[in-house]
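For reference, the structure discussed in these notes is given below.
Protein chains: 2
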Amino acid sequence: VGPDDVRLVGFAERASVERAQAWVDDWPSRPGAVEVGVGDAAGRLPAAPLLAAQSLPPADRACRDGYAVRSEETAGASAYDPLLLRLAEAARTAGPGHADLVAAGVAMPPGADAVLSFDAALAVGQTLEVIAATAGEAGVERAGQQLVAGAPLLGLGQAIRPHQAGLLAAAGVERLLVLDRPRVRVLLAGAKPIAGLAVGDAHGPMLRALIERDGGLAEVRQAGPDLRRALRSAALEPGAELLIATGRTGTGPDDEAPLALAELGRLELHGLALRPGGSAGLGAVGDRPVLLLPGDPLACLVAYELLAGRLVRRLGGRAPELPHPRREAELARKLVSAVGLLEVCQVRLVEGRAVPLGVTESGGLSAAARADGFVLVPASLEGFAAGALVTIHLY
Amino acid sequence: VGPDDVRLVGFAERASVERAQAWVDDWPSRPGAVEVGVGDAAGRLPAAPLLAAQSLPPADRACRDGYAVRSEETAGASAYDPLLLRLAEAARTAGPGHADLVAAGVAMPPGADAVLSFDAALAVGQTLEVIAATAGEAGVERAGQQLVAGAPLLGLGQAIRPHQAGLLAAAGVERLLVLDRPRVRVLLAGAKPIAGLAVGDAHGPMLRALIERDGGLAEVRQAGPDLRRALRSAALEPGAELLIATGRTGTGPDDEAPLALAELGRLELHGLALRPGGSAGLGAVGDRPVLLLPGDPLACLVAYELLAGRLVRRLGGRAPELPHPRREAELARKLVSAVGLLEVCQVRLVEGRAVPLGVTESGGLSAAARADGFVLVPASLEGFAAGALVTIHLY
């Protein structure tokens, strides 16, 4: 038991969440690249800039169904004085005195510079009666109007959206390099049975889904009876860029995870000015970062969201910030919080106002399951008054 | 060519988007149920109410590390007048005159009703010096405080969140019934080559990702040269709850999809007061709904979002509304729109203000790929003035 053993003593000091996040943000992120087909690109991050190989459209094309004409020939045409044009045959040109039936999307016939809609012209046999004039370029999409050859197809740093995958495909991209997903190993130090009743393991299903939400691939394993040995294997075996261990991080007699990490590698922070989630820790074994998340499921959720998820997102090249949509709302009642701790409060939206669900530590995962989102109360504040405008991170 | 053939004529009338959405909303939705493990439950919708089989916690438990005591014995304890208690041995009780070291999460020892934190007591050998009084229930989570046996674990109608899956697991749920995903067959009527250059097929990758976003399973196939035959097979073969056909829906000579649907089953609406996306149609073959989406990729995207996606979501038991997060913003400049058409305008957020990207039809998928979201301009409006507050559906 070394000088940093907090067991049976409590945390003498706690690191700020900002300091822990700065540690996460300083961790080098060098995701690899992997090639995927464009049909699997949605949701992934491009690994390199993608430039359009050809213009889109590659040539002038009709952007409505109708008759391709030479606009200057239609000047003065009206229902009283229709212009008579000859409909082009298979040749698909609109030479002088001719019009050509076109469908939206096809290349403009040589010579034509406008597409008349069907209410501006009436076909009678091989003759087209034009009853309205058209300006040049009406009904036409110019070559390169959507995209010029060489222009960037996508920005970096953002997951590819479904319609962006569509644009890539339209631009002729069949395969592309995307960032590899970070592999995250999760080591469950085990839920404590209580009063003879097993409390199910909440961490595995929860963390797996959170890691996937953040773009990672989760491998979940049980620590079994020997935590030190399990932590050693999990930290040293290849196949993961990040190790998350849950449970046994606190100040109780069996809370050996921080000590085990200190023996095996480096325990850099343990004990955060955070509630719930304050017994979280972080460090590394060799060049593999290790995050210790509390065993209490709600504390585990909060520490994952603020720290571990941030590292998962960074290791996959994503923005580190919380991924939840945000919304401002008035607090329906006072929210009390301890100065010196960042508190995370579950809230429910009722008639557009945020109702805090109990105090921050009670209610557990059950409160979070009923909540619409959470509010961060900065360590500098004693809370918020009723009616204050707060930012809700929506689940 | 029957009386409803709009080819070479144009749409005589257009149905409102509200009417088309009402058709979608009237379509019967009876998703089946399938059993999954709790580790695969996140993102799925519960098929039946889930009630807690046992209370959570099942018994009173410590919610912090410390010493379990009988609170009434601590009255008056202080650093000047410490109370001396005997530390319990393996028996794990806190009988009169005793305290018991406990870790957060374990059941309270019989007799104890509070947990002293480590700064309120000092262990010296088998003696505990208590230097502060505690109230009853301090540091204790009561049986059922999170959840009472029989209480609902989850609401219906909402995808299970990662931490809700965690709660299910904590409550002892190992397997549960969730709604089956709707199987969506996508029939690509084929992108038109232009000026000898193939324009890649945007629809397949885009629709696959959109359908998955909306909780469906996509099966994408090419129509090949014979659209009627392909539509017949796609509509009649088992294995799908919904058929989406893309392309050949307009007023050009080869726009045969609506006619083919009318011959095979029912074409209920064709031509919407929508831009882009106005050539969309809908109907059914037997009891299978069929949506016809335009071939232009941006029009296809818009018609998917407003109609097809709505049906995918409904068929999977999800809320029919657009799933995008919303945000209000001021328009950076005037947005002009045609009265009588619901227009969908791509916008980019620049310094918190919404900048429309060109007019609604130009720019195509490329504009949508650069956009942060889109704005719906109702058919009743001519657009919005610069500075107007608009709702952006964020990609």
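Chains as they are written, first to last, in the working numbering: chain A, 20 to 414; chain B, 20 to 414.
All residues carry an ideal CB built from backbone N, CA and C; glycine is no exception.
Mind listing the chain A neighbours of V57 (chain B)? Cutoff is C-beta to C-beta under 7 angstroms, in chain order. P224
Contained alpha helix (DSSP H) runs [length at least 4] in the stretch 262-291 of chain B, N- to C-terminal order: 276-283
Got a sec? Which residues, its chain only, sit under 6 angstroms from G383 (chain B) by beta carbon, not counting five neighbours each side? L317
Status (buried if at least 16 other CB within 10 Å, exposed otherwise) for Y99 (chain A): exposed
Alpha carbon to alpha carbon, how far is A170 (chain A) from A386 (chain B)? Give it in angstroms, no decimals. 13 angstroms
Do you know whose CA, among B:L246, B:P181, B:V205, lies nearest G223 (chain A)'s CA? B:P181
Would a check of beta-carbon distances place V28 (chain B) closer than 8 angstroms to chain A? yes
Please list the partners that Y99 (chain A) has in chain D, where partner means a Cβ-to-Cβ separation under 9 angstroms. Of the protein chains in the structure, A and B, none is chain D.
Taking all protein chains shown into account, decide if T268 (chain B) is buried (16 or more other Cβ within 10 angstroms of its Cβ) or exposed. buried
Three or more C-beta pairs closer than 8 angstroms, one from the stretch 48-59 of chain A and one from the stretch 195-202 of chain A: is that the case here? yes
Which residue or residues does DSSP assign as beta-bridge partners of P65 (chain A)? A:V197
If the cut-off is 8 angstroms on Cβ atoms, which residues from the stretch 137-150 of chain A count as contacting chain B, listed in chain order? F137, D138, A142
Could you round the C-beta distance between L326 (chain B) and A299 (chain B) to whole angstroms and report it? I think they count as a contact, below 8 angstroms. 6 angstroms
Over the uninterrupted alpha helix (DSSP H) stretch that includes H117 (chain A), give me the two end residues. Here H117 (chain A) belongs to no alpha helix (DSSP H); instead the beta strand (DSSP E) covers 117-121.
Under the three-state DSSP convention, the category E362 (chain A) falls into: strand
By DSSP's criteria, E148 (chain A) is part of a beta bridge. Which residues make up the other side? A:L103, A:L141
Return no unless some Cβ of chain A is closer than 8 angstroms to the Cβ of D84 (chain B). yes
Give me, in chain order, the residues of the same chain whose beta-carbon lies closer than 6 angstroms to that of R204 (chain B); leave out the 5 immediate sequence neighbours on both sides. E238, A253, A259, L262
Does the separation of the CB atoms of L291 (chain B) and A39 (chain B) fall below 8 angstroms? yes
Reference A123 (chain B); option with closest CA among A:G266, A:G284, A:P344, A:R352: A:G266
Validate contact between the stretch 29-37 of chain B and the stretch 366-377 of chain A using beta carbons, cut 8 angstroms, 3 pairs: no
Any beta carbon from chain B within less than 8 angstroms of T379 (chain A)'s own beta carbon? In this prediction, T379 (chain A) scores a pLDDT of 48, lower than 50, which makes its location untrustworthy; the coordinate-derived value is nonetheless stated afterwards. It does not: the Cβ of T379 (chain A) has no partner Cβ on chain B nearer than 8 angstroms.
Under a CB-based cut-off of 8 angstroms, is T268 (chain B) close to chain A? no
With 8 angstroms set as the bound, which would you pick, yes or no: does the beta-carbon of R307 (chain A) sit closer than that to a beta-carbon of chain B? no
Hey, quick one: how far does the alpha helix (DSSP H) through E37 (chain B) stretch, first residue to last? 36-45
C-beta neighbour in chain B for E241 (chain A), strict 8 angstroms: Contrary to the premise, residue 241 (chain A) reads as Gln rather than Glu in this sequence. Output row for Q241 (chain A): interface = no.
For the beta strand (DSSP E) containing L341 (chain B), name the first residue and the last one. That residue, L341 (chain B), is in no beta strand (DSSP E); it is neither H nor E in DSSP.
Only counting the same chain, and skipping five residues up and downstream in sequence, which positions put a Cβ closer than 7 angstroms to that of R200 (chain B)? G234, G235, L236, G335
Just to confirm, is the Cβ distance from P128 (chain B) to R89 (chain B) under 8 angstroms? no
List the endpoints of the continuous alpha helix (DSSP H) containing Q241 (chain B). Per DSSP, Q241 (chain B) belongs to no alpha helix (DSSP H); it is in the beta strand (DSSP E), 236-241.
Closest residue to V125 (chain A) among B:G296, B:D315, B:T93 (Cα-Cα distance): B:D315
How about L173 (chain B) and Q183 (chain B): are their beta carbons less than 8 angstroms apart? yes
Using a 10 Å radius around the Cβ and a threshold of 16 neighbouring Cβ atoms, would you call G271 (chain B) buried or exposed? buried
For G176 (chain A) and A338 (chain A), which I take to be in contact (beta-carbon distance under 8 angstroms), what is that distance rounded to the nearest angstrom? 7 angstroms
Cα-Cα separation between P295 (chain B) and A151 (chain A), rounded to whole angstroms: 24 angstroms
Starting from the C-beta of D158 (chain B), find all residues in its chain whose C-beta is less than 8 angstroms away, skip the five residues before and the five after it, and write them out in chain order. Here the sequence assigns Gly to residue 158 (chain B), which means Asp is not the residue at that position. The residues are A81, C82, R83, G85, A133, V134, L135, S136.
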